[in-house]
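Everything on this sheet refers to the single structure shown next.
Numbering (our numbering), first residue to last: 9 to 406.
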């Protein structure tokens, strides 16, 4: 292997490379519904193929610690084979005595796929012995699973301690994009943060308010701030335990010159036997599911005034019309401005990415992350367990 900080494709000639991927894809009736995470491996797989390496993919699928057919990575074989135009060799037990033999006998043109890591309780326990057994299968380790690297699991935290290692090309691109937004992106810089619960976004808001010029809030998160300010429409979202956090965020916004933008009207279901209504004042019988048209106009006005936008969290119940209006209209405007070269746009978080794919907006964005929790965690503190164990990682270089 190369002794410099860089490692080229040629350095991998004849080597077995263990790639921690994220193949946790949505599956319905045994068929993969979204291959975004399968495609996310393309650059790294192409790099390794150029070097004539033997590629061993490992991943989790779903939340489980028991072997079952519904969460077997066998279900992803067809998607991998079709996308990468190759045979996929499946190993149903990566700890079996013949796993080495299967790998050694497989062709360098094949992709080798290990069974769901979460079928082994040792994965989530971050068990060192388990990690050592995984590492024994290969000569080199690459982490191409940014989206799970916020978790201290054996395959992302312990395995790189046993092997020379590198971050995958898509992984590096993701952290570079986020770092650029936080530290170097052109102003005015805006963030849109939505979601149902303030509790999941407190750390994020505390960091963003110091980094951006505008911060627009939607969903239950906006409700918590509005309730604190005396608007009782969304009082159900006013979580008393976070009152100090709300005060701190508002105070920091003033100190750092960040403009906080809140919805001014809402799309609500007044009762089950009536159509949705737009409300701007208190109604104890209202169930809020989206921001209203005036709020959409306000958000769009600020987006048009910005050079860079980062969006995490839908502003309403986008899965159910007509409550998809706010998320769809904001997304379409961000897509249009990006397409016309007037905006740099970054979208992350599972639900937000799902919405952009649903409305066919993803193709127009500067960058869309396939990550959820890791995207959020990295925005909060720029640290992930899956990176802390790879401080001496080599850099893949063409």
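Every residue, glycine too, gets a C-beta built ideally from N, C-alpha and C.
Computed from a prediction, not measured in an experiment: that's the story for all the values here.
Checklist entry - By Cβ distance, which residues of its chain are closer than 8 Å to residue 110, with the 5 residues on each side in sequence left out? => result Mapped onto the chain shown, residue 110 falls at position 102. Result list for residue 110: 97, 99, 120, in chain order.
Checklist entry - Are there three or more Cβ pairs, one per stretch, closer than 8 Å when the stretch 120 to 138 is compared with the stretch 77 to 89? => result Yes, since at least three Cβ pairs between the stretch 120 to 138 and the stretch 77 to 89 fall closer than 8 Å, the two stretches touch.
Next on the checklist: Let me check one thing: in DSSP terms, what residues is residue 320 bridge-paired to?
Outcome noted: The residue you call residue 320 lines up with position 312 of the chain shown. According to DSSP, residue 320 bridges with 201, 356.
Checklist entry - If you run the structure through DSSP and keep just helix, strand and coil, what is residue 278? => result Residue numbering aside, residue 278 sits at position 270 when the chain shown is read from its first letter. Here residue 278 sits in coil by DSSP.
Checklist entry - Can you tell which of 162, 118, 113, 38 has its C-alpha closest to the C-alpha of residue 132? => result As a working note, residue 132 is residue 124 in the chain shown. Among 162, 118, 113, 38, the Cα nearest to that of residue 132 belongs to 162.
Item to check | C-beta contact flag for residue 274 and residue 299 at 8 Å | outcome: By 1-based counting over the chain shown, the position of residue 274 is 266. By 1-based counting over the chain shown, the position of residue 299 is 291. Yes, Cβ-Cβ distance for residue 274 and residue 299 is below 8 Å.
Next on the checklist: Do residue 33 and residue 418 count as a contact pair if the criterion is CB distance below 8 Å?
Outcome noted: Here the chain comprises residues numbered 9 to 406, so residue 418 is not present and cannot be evaluated.
Next on the checklist: Is it buried or exposed, residue 14, if we count other Cβ atoms within 10 angstroms and call 16 or more buried?
Outcome noted: Sequence index remark: in the chain shown, residue 14 carries index 6 (1-based). Under this definition residue 14 is an exposed residue.
Checklist entry - Skipping 5 residues on each side, what residues in its chain have a beta carbon closer than 7 Å to that of residue 51? => result Locating residue 51 in the chain shown gives position 43, where the first residue counts as 1. Here the set comprises 177, 178.
Item to check | Supposed close pair residue 220, residue 197 - CB separation, criterion 8 Å | outcome: Here residue 220 refers to the residue found at position 212 when the chain shown is read from its first residue. Here residue 197 refers to the residue found at position 189 when the chain shown is read from its first residue. Right, their Cβ atoms sit about 5 Å apart.
Item to check | Beta carbon of residue 304 nearer than 8 Å to that of residue 353 | outcome: Residue numbering aside, residue 304 sits at position 296 when the chain shown is read from its first letter. Residue numbering aside, residue 353 sits at position 345 when the chain shown is read from its first letter. Cβ distance not < 8 Å, so residue 304 and residue 353 don't count as in contact.
Next on the checklist: Taking the straight line between their C-alpha atoms, what separation do you get for residue 134 and residue 166?
Outcome noted: For the purposes of this step, residue 134 is identified with residue 126 of the chain shown, where counting begins at 1. For the purposes of this step, residue 166 is identified with residue 158 of the chain shown, where counting begins at 1. Going by the C-alpha atoms only, they are around 7 Å apart.
Next on the checklist: Among 61, 184, 376, 202, whose alpha-carbon lies nearest the alpha-carbon of residue 22?
Outcome noted: Position 14 of the chain shown, counted from the first residue, corresponds to residue 22. The residue with the shortest Cα to Cα distance from residue 22 is 61.
Checklist entry - Considering only C-alpha positions, which residue in the set 227, 224, 255, 222 is nearest to residue 236? => result Reading the chain shown from its first residue, position 228 is the one you call residue 236. Comparing alpha carbon positions, the residue from 227, 224, 255, 222 closest to residue 236 is 255.
Checklist entry - Between the stretch 339 to 354 and the stretch 223 to 238, are three or more C-beta pairs nearer than 8 Å? => result No: the two stretches stay apart, fewer than three of their Cβ pairs being nearer than 8 Å.
Next on the checklist: By the three-class DSSP mapping on this structure, what secondary structure does residue 184 have?
Outcome noted: Walking along the chain shown from the start, residue 184 turns up at place 176. Helix.
Checklist entry - Is the number of C-beta pairs between the stretch 353 to 366 and the stretch 314 to 334 that are closer than 8 Å three or more? => result Using a C-beta cut-off of 8 Å, the stretch 353 to 366 makes contact with the stretch 314 to 334, since at least three inter-stretch Cβ pairs fall below that distance.
Checklist entry - Where do the ends of the alpha helix (DSSP H) carrying residue 382 lie? => result Counted from its first residue, the chain shown places residue 382 at position 374. 381 to 389 is the span of the alpha helix (DSSP H), which, as asked, contains residue 382.
Checklist entry - Taking the Cβ atom as the reference point for each residue, do residue 155 and residue 30 lie within a distance shorter than 8 Å? => result On the chain shown, position 147 is the one that residue 155 refers to. On the chain shown, position 22 is the one that residue 30 refers to. Cβ atoms of residue 155 and residue 30: closer than 8 Å.
Checklist entry - Say the cut is 7 Å; is the CB of residue 270 nearer than that to a heavy atom of the ligand NAP? => result Ligands in the displayed structure: none, and consequently the ligand NAP is not present.
Checklist entry - Is it right to say residue 386 is buried, meaning 16 or more other beta carbons lie within 10 angstroms of its own, or is it exposed? => result Taking the chain shown and counting its residues from 1, one reaches residue 386 at position 378. Buried: at least 16 other Cβ atoms inside 10 Å.
Next on the checklist: Considering only the alpha carbon of each residue, which of 45, 58, 35 lies closest to residue 405?
Outcome noted: Position 397 of the chain shown, counted from the first residue, corresponds to residue 405. Residue 58 is the option with its Cα nearest to residue 405.
Checklist entry - Would you report the Cα separation of residue 54 and residue 277, rounded to the nearest angstrom? => result As a position in the chain shown, residue 54 is number 46, starting the count at 1. As a position in the chain shown, residue 277 is number 269, starting the count at 1. C-alpha of residue 54 to C-alpha of residue 277: approximately 50 Å in a straight line.
Checklist entry - In terms of residues, what are the limits of the alpha helix (DSSP H) holding residue 311? => result Within the chain shown, residue 311 is the residue found at index 303, counting from 1. Under the DSSP assignment, residue 311 falls in the alpha helix (DSSP H) whose first and last residues are 301 to 312.
Item to check | Simplified DSSP assignment, three categories, for residue 105 | outcome: Counting from 1 along the chain shown, the entry for residue 105 is found at position 97. When secondary structure is reduced to three states using DSSP, residue 105 falls in the coil class, being assigned neither helix nor strand.
Checklist entry - Below 8 Å between beta carbons: does that hold for residue 377 and residue 182? => result Numbered from its first residue, the chain shown carries residue 377 at position 369. Numbered from its first residue, the chain shown carries residue 182 at position 174. The answer is yes: Cβ separation under 8 Å.
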